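Beneath this line is the structure, given in structure tokens, with notes to follow.
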Amino acid sequence: CCDGTEPRPAVSRIGSSRVYTLDEPMPFKPASSLLPLTPVMFELLLALADSNLHGYAILQAVEPRLKSVLPLRTGTLYRALAAALDAGFISEIPSPDEPRRRVYRLTPQGRAVLKADADRLADQVALARAKRVLPERSR
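Position one of the sequence shown corresponds to residue 24 (the working numbering), numbered consecutively onward.
Okay, structure coming up:
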């Protein structure tokens, strides 16, 4: 099996569970299985929800909302961007203005995860209002 003389099977079964090997891509995970997002990841995806932005523009969009709660530094942002790229939540696209600048856009999977987490948060807020932890929303 694993001594290098025989090829490793792409998929094996153990009981009723499916086991994936390193050379087989994992199937698409439902958005709800990737929750909850970190506050930084949520804000990053939210900033990209309506426009494609480069890193500094994302920082400018997110920082005013987070500065009093969670100061966002450049290194934190770029680590979050790398994680979002790895997870398939965002993709890098060519900059229309400057070829060296990296511009990011939200992918369909990123939008689905963002929506799922926003729904989760909305449910928590609704429950907090129902339990009178938060005041009812004034209309």
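Positions of the beta carbon are idealized from the N, C-alpha and C atoms, including for glycine.
Fair warning: this is a prediction, and the values are worked out from it, not measured in the lab.
Three-state secondary structure (DSSP) of residue i
i	result
Pro-62	helix
Thr-44	At Thr-44, the pLDDT of 48 sits below 50, so the modelled position is not reliable and the matter cannot be decided from this model.
Leu-100	helix
Arg-89	The sequence as given places Leu at residue 89; Arg does not occur at that position. Looking at Leu-89 - three-state DSSP - the assignment turns out to be helix.
Pro-119	coil
Arg-125	strand
Leu-57	helix
Classification of residue i by the beta-carbon crowding that lies within 10 angstroms, buried from 16 upward
i	result
Ala-149	exposed
Val-63	buried
Arg-160	exposed
Leu-95	buried
Val-92	exposed
Ala-153	exposed
Sequence-distant residues of its chain with Cβ nearer than 7 Å to residue i (five each side left out)
i	result
Arg-128	Leu-71, Asn-75, Ile-113, Ser-114, Ile-116
C-alpha distance - residue i paired with residue j, whole-angstrom precision
i	j	result
Asp-120	Asp-146	41 Å
Leu-68	Arg-134	8 Å
Leu-108	Val-156	37 Å
Thr-130	Leu-137	10 Å
Other residues of its chain near residue i: CB distance less than 8 Å, five sequence neighbours each side excluded
i	result
Arg-88	Glu-66
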